[in-house]
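As C-alpha cells, the structure follows; a few thoughts come after it.
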Amino acid sequence: MIRECLATILAVAAVAHGAFNCPNKDGQYEDVKQCDKYYDCLDGVPTEKLCPDGLVFDPLNRKVNKCDHVFNVDCGDRLELQPPQPTKKCPRRNGFFAHPEPSVCNVFYNCIDGEAIEITCTTGLHFDEYSGTCVWPDSAGREGCGVVDKKLKDGFECPKESQLDSRGMAIDHPKFAHPDDCQKFYVCLNGVTPREQGCSDGTVYNEEQQRCDAPENVPGWYFEQVISKSVEINIIRINTGGGEKKGVMSYEYIRRRVPLIFMLLFLTLNKIEGQFRCPESKGFFPDLEQCDLYYSCVDGKPEEKLCKDGLVFRDDNPKKELCDIPANVPCGDRTLLQEPQSSKGCPRANGYFKHEDPTACDRFVNCIDGIPQIMPCPPGLIYEDKMSSCVWPADASRLCENVKRDVLDDGFVCPDGDVAGPLGRVLPHPTYPHPEDCAKFYICKNGVVPQKGQCDSGTVYNEESFRCTEPENRGLLQTEELSQKIYTVPIYYHTLLQNSREQFKSNNIIRTMSRSRSTIRLALLLAVLSSSVKATTLFGAPPCPDPYGVHAYAHPEDCNSFFLCTNGTLTLEHCENGLLFDGHGAVHNHCNYYWAVNCGHRKHDLTPLSSPGCEFQFGLYPDSDTCSTTYIKCVHGQPLQEHCDAGLAYDPKTHTCVWPDQLLPYCNPEAIVGFKCPHKVPARSAAAKFWPFPRFPVPGDCGRLITCVEGHPRLLTCGDGKLFDSVSLSCLEPEELPHCANS
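Numbering (mature numbering (1 follows the signal peptide of the UniProt record, and there is no 0)), first residue to last: -18 to -1, 1 to 725.
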C-alpha cells in the first residue's frame, strides 16, 4: 500500500517536472493538467500524445480510441487544452459549435477535421453547447435568441393570444393563413417567432385543417380562382375568354390556369378505352386511378412506370420524375396502389412506419428496400404516422403519456433527474454503480439510453469520482468487501467407454474464487477441462456420421459446448469466452458471436472475461461513442481496429457496417461519403435518368459511384468486374473504358 502510494506521488512529481512515469500496467493515462493530452505506456516507456483538436481524453473509456467530445468527458481539474486550430466556421477542428450569430440559437455546426456541417434543430429547440445537443430553450439558457425575427418583412407578427386546438389545448407552434397568397402561410415557433412557409406545387393552405391540402378541399378557393374564367373544355374547341382555340388544350396551360379538378377531367378525356394518351409530347404524368403509377412520355408515346413499393408519384411538375412518401403527395381520388411487398418490420418495402410497439411513440421504422431500421425521434417528440415525421405531442393524433423506456436484460432503467459530477456540473452521460459487482457500472447515454460498463481488471467503480479506480481509492470500499465470490461454472462430465455405461449427465462444479483472481482461475479451470475432454471418448453422445471429414453438432443442453467429429474421432469442445454454438457461423473453432446465436432451450454462460478494450475475449465493439467507420474486433482478448468498407459506418446494434443514412441522426452520410446530394438535377442530364436514385461519379475513381437514396449519398461499386462510366453513369466492361487508370 505504501509502495503504491509512493509510486503515485512520484508519478505526479515527475509530471510536474515535465516527465511522466508509467505505472506497472501498460495502457493510456491522462495528463494531470491538460485534458486533451495523454500518455501511451508500453513496457514502462511513455509516449506523449494529443487528441485531435477539439476532442479530449477520457480515462473511463474502455475503447482503444479514448478521445471523445468535450461534453462526453468530465475533465475535472484538467482544464488546459492545446492551442485551437480554427477554420472558417469551426473554432476547433472537431466538435459541435453554436452559430456565430448570437440570435441564431437553433442552428449549430458539426465540425469534422475542420469541415463544418450546418445542422438545424427540431422546431422549437435551441442548441446547447455544453451537452452538444438540441434542448428546450429554458434548458439551454441562451440569451438574445431570435430577437431579430419577431417581425417579418411584410409586417406579420405573431398574435399575443394563445391559439387552441380542438381539444382546448394550447398549440405550441400555431399557423396562420397568408392574406394575399393561398400557397403561403405563417408558423409561429413557440407562439412568438414568425416564419413564412409555402405549400408545394398543386396544393394550397387549408386554414381549417392547418395544413397544405388539395385545392378542391379548401372552401372558397375554387370559385375565387375560376369565377372570372369562362372555361369550357372540349376536345375540339376551347373558349378561353380570349377567342377560340382549336385542338387539345395545353397541359401546361391547364396546370397553371385551371384548378386540379379540370386537369383530372382533361386527362380523363385523353385516356380512351384504357389506353393512356400523352397530354404533351414529353413529360411525366400521373395515372388517374393509381397513385404509384405514372407515364413517361417521349415524342408523344407513353411508357408505363411504377414507383418503388411504398412511394407514390408526385404530379406537381410534369418535367420532374419523382416518387415520394405518401405524406408529401395529395393523391386525391387516385386511391389505388400496387400490391404491398411486405417484410418483417416493413408493411411496405419503402417508407416510414409506426413502431410495432404502441408504447414506443418516440421511435419509428425507416424501411429501405424492405430492410427496417429503427430510428429515434429528437428528444421530446413523438412519431405521427399521418405526417410520416416526428411532431410535438400536442400536434399528434395519439396520446403517449407513458413512453416506453429502454430496459437492460438485468432490469436496469436510467433514473429520472440530473446527476451532478464532482465539480457540481450536470453530467450529460451519468454513470451508476452495479448493485452486486463493484467492477461493473451503468452508463446512461444522454441520460436515457442505458448501457453496461466494465472496469479494467484490478479496478473498481468509484461512486464519488464516477470512474474506475484502484480499490484503495474507492471512498467506502474496505478490504473486507473484497471477500470471496461464488462463481458457478456449468461443466458436463463424461466417462470413458470402458469404465462406465451411464448416460451423459450434467452437473455444476462450484468454485469459490477471490474476485481479484477470478479471471485467471476461471480461465485456468476452463483450460484444464477443455484439455481433459479432448482425450476421452464420450458415451451417450451422437455417433460420428462419417469416418472422414470434420462435423460439428450442438450439445443438447449447453450452448457453450458442442460435439466435434474429426475423421471419426468424437470430442467435446467448448466455445471461447463471448462465443456460443448453434451450427451457423464460425468466428473461431466452429463457434459464433453470442448475439448471433439462437440457443433455444439450451443453457449458456456469458460471464465476461474482460481485458483492456474487450468486454469478452471474442467480440465486436464500437471504436468510439460517435459515428465511426472503424470498429474493434477482439480476438483472444486483444483489441484490433478494423475498417468498414469505404462509405459504410459501424452499427453497434447489428454489429455490422451499414449505410450511414441507416444510422440517422447518429451518423452524417455527407461527411462519411464526402458528397452532398442535390435537391434536384437538370431534367435532361444523365443523372436524371436514374431519378429518384440519381447517380454521380467519384472523381478519379472508375471503380465506384455515388447514388442518392432519400437525399442521402451512398458509395457503391459496379461489381462483376465492371467499371463506372462518368459520362453515361452506367457500369460497363473494362475494355469499353480504356481511359480508366485503375481498371
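For every residue, glycine included, the Cβ atom is placed at its ideal position computed from N, Cα and C.
Going by beta carbon distance, what residues of the same chain come within less than 8 angstroms of residue i, once the five residues before and after it are set aside?
{"i": "Pro716", "result": "Gly703, Lys704, Leu705, Cys722 and Ser725"}
{"i": "Cys649", "result": "Cys609, Ala631, Pro642 and Asp643"}
{"i": "Val691", "result": "Ile350, Trp641, Asp643 and Phe675"}
{"i": "Ala669", "result": "Val663, Pro676, Arg677, Phe678 and Leu711"}
{"i": "Ser371", "result": "Ala309, Tyr334 and Tyr365"}
Taking the alpha-carbon of residue i as reference, which of the options has the nearest alpha-carbon?
{"i": "Ser593", "options": "Ala421, Ala568 and Asn571", "result": "Ala421"}
{"i": "Val169", "options": "Asp162, Gly184, Gln145 and Thr185", "result": "Gln145"}
{"i": "Leu134", "options": "Arg177, Arg124 and Gly123", "result": "Arg177"}
{"i": "Asn580", "options": "Val389, His570, Asp291 and Gly565", "result": "Gly565"}
{"i": "Gln436", "options": "Leu42, Phe266 and Asp540", "result": "Leu42"}
{"i": "Pro527", "options": "Phe545, Asp540, Cys541 and Ala568", "result": "Phe545"}
{"i": "Gly629", "options": "Asn6, Val347 and His694", "result": "His694"}
{"i": "Phe394", "options": "Thr413, Leu381, Arg380 and Val401", "result": "Thr413"}
{"i": "Asn310", "options": "Ile356, Leu363 and Thr185", "result": "Thr185"}
{"i": "Pro284", "options": "Asn299, Asp291, Asp298 and Phe267", "result": "Phe267"}
{"i": "Asn3", "options": "Leu552, Asp18 and Gly26", "result": "Gly26"}
{"i": "residue 730", "options": "Ala1, Phe53, Ala342 and Asn299", "result": "The structure shown does not extend to residue 730, since the chain is modelled only from -18 to 725, so the question has no answer here."}
{"i": "Ser606", "options": "Pro634, Ser543 and Thr102", "result": "Pro634"}
{"i": "Phe672", "options": "Thr638, Phe657, Ser324 and Cys713", "result": "Cys713"}
{"i": "Arg696", "options": "Phe657, Cys450, Asp707 and Ser708", "result": "Phe657"}
{"i": "Glu12", "options": "His51, Asp35, Arg60 and Asp50", "result": "Arg60"}
Apart from the five residues just before and just after residue i, which ones in its own chain have a Cβ nearer than 6 angstroms to its Cβ?
{"i": "Val442", "result": "Cys420, Ala421, Pro453 and Arg456"}
{"i": "residue 754", "result": "What is shown of the chain runs -18 to 725, which leaves residue 754 out entirely."}
{"i": "Gln460", "result": "A caution first: Gln460 carries a pLDDT of 37, below 50, which makes its placement in the model too unreliable to give a value."}
{"i": "Ala378", "result": "Ile364 and Glu366"}
{"i": "Asn559", "result": "Leu591, Phe598 and Gln599"}
{"i": "Ile209", "result": "Residue placement at Ile209 is poorly supported in this model, since its pLDDT is 35, which falls under 50; the coordinates still yield a value, given next. Nothing meets the Cβ criterion."}
{"i": "Ala167", "result": "Inspection of the sequence shows that residue 167 is occupied by Phe rather than by Ala. Correct list, in chain order: Lys157, Ala159, His160, Gln179 and Tyr187."}
{"i": "Ala80", "result": "Phe90, Phe109 and Glu111"}
To which residues of the same chain is residue i closer than 7 angstroms at the C-beta, ignoring the five residues directly before and after it?
{"i": "Pro415", "result": "Phe423, Tyr443 and Glu445"}
{"i": "Gln192", "result": "Lys157"}
{"i": "Asp315", "result": "none"}
{"i": "Ile99", "result": "Tyr91, Asn92, Asn650, Glu652 and Ala653"}
{"i": "Pro432", "result": "Asp388, Leu390, Phe394, Val395, Cys396, Tyr424 and Cys426"}
{"i": "Ser263", "result": "Cys279, Asp281 and Gly282"}
{"i": "Gly292", "result": "Arg330, Ala331, Asn332, Gly333 and Cys349"}
{"i": "Pro720", "result": "none"}
{"i": "Thr548", "result": "Val532"}
{"i": "Lys615", "result": "Leu602, Leu622 and Glu624"}
{"i": "Asp18", "result": "Leu32, Cys33, Leu37, Val38, Phe39, Leu63 and Gln64"}
{"i": "Gln320", "result": "Asp274, Leu288 and Asp291"}
{"i": "Lys301", "result": "Gly265 and Ala665"}
{"i": "His570", "result": "Glu558, Leu561 and Phe600"}
{"i": "Asn199", "result": "Asn188"}
Based on the DSSP output, what are the partners of residue i in its beta bridges?
{"i": "Ala631", "result": "Val640"}
{"i": "Asn92", "result": "Phe78 and Ile99"}
{"i": "Ser593", "result": "Cys596"}
{"i": "residue 791", "result": "Because the chain is modelled from -18 through 725, residue 791 falls outside the range shown and cannot be assessed."}
{"i": "Val189", "result": "In the sequence as displayed, the identity of residue 189 is Glu instead of Val. The partner list for Glu189 (beta bridge, DSSP) is empty, contrary to what the question assumes."}
{"i": "Met357", "result": "Phe346"}
{"i": "Glu452", "result": "Beta-bridge pairing links Glu452 to no other residue."}
{"i": "Ala534", "result": "Leu546"}
{"i": "Asp540", "result": "Lys585"}
{"i": "Gln64", "result": "For Gln64, which the question treats as bridged, DSSP gives no partner whatsoever."}
{"i": "Gln433", "result": "Ile425"}
{"i": "Lys142", "result": "Answer by DSSP bridge pairing: none, since Lys142 is not bridged."}
{"i": "Asn444", "result": "Arg449"}
{"i": "Phe2", "result": "None; Phe2 has no bridge partner."}
{"i": "Gln179", "result": "Phe167"}
So that I know if they touch, is there some Cβ in chain D lying closer than 9 angstroms to that of residue i?
{"i": "Ile101", "result": "No chain D appears in this structure, which consists of one protein chain only."}
Alpha helix (DSSP H) runs contained entirely in the stretch 272 to 326, provided each spans 4 or more residues: None, since the stretch 272 to 326 contains no complete alpha helix (DSSP H) of that length.
Inter-stretch contact (C-beta, 8 angstroms, three-pair minimum) for the stretch 664 to 683 and the stretch 633 to 644: No: the two stretches stay apart, fewer than three of their Cβ pairs being nearer than 8 angstroms.
Stretch pair the stretch 581 to 589 + the stretch 613 to 629: three plus CB contacts closer than 8 angstroms: Between the stretch 581 to 589 and the stretch 613 to 629, the count of Cβ pairs shorter than 8 angstroms is below three; the stretches do not touch.
Stretch-stretch touch, CB-based, cutoff 8 angstroms, three pairs: the stretch 111 to 128 with the stretch 80 to 93: In short, these stretches touch, since the Cβ pair count reaches three.
Secondary structure, beta strand (DSSP E): runs of 3+ residues fully inside the stretch 639 to 687: Counting only runs that start and end inside the stretch 639 to 687, the beta strand (DSSP E) elements of at least 3 residues fall at 677 to 680.
At least 3 beta-carbon pairs within less than 8 angstroms: the stretch 273 to 284 vs the stretch 648 to 667: Three or more Cβ pairs closer than 8 angstroms define a contact, and the stretch 273 to 284 falls short of that threshold against the stretch 648 to 667.
Cβ contact (3+ pairs, closer than 8 angstroms) linking the stretch 655 to 673 and the stretch 600 to 615: The stretch 655 to 673, when compared against the stretch 600 to 615, does not touch it at the 8 angstroms Cβ threshold.
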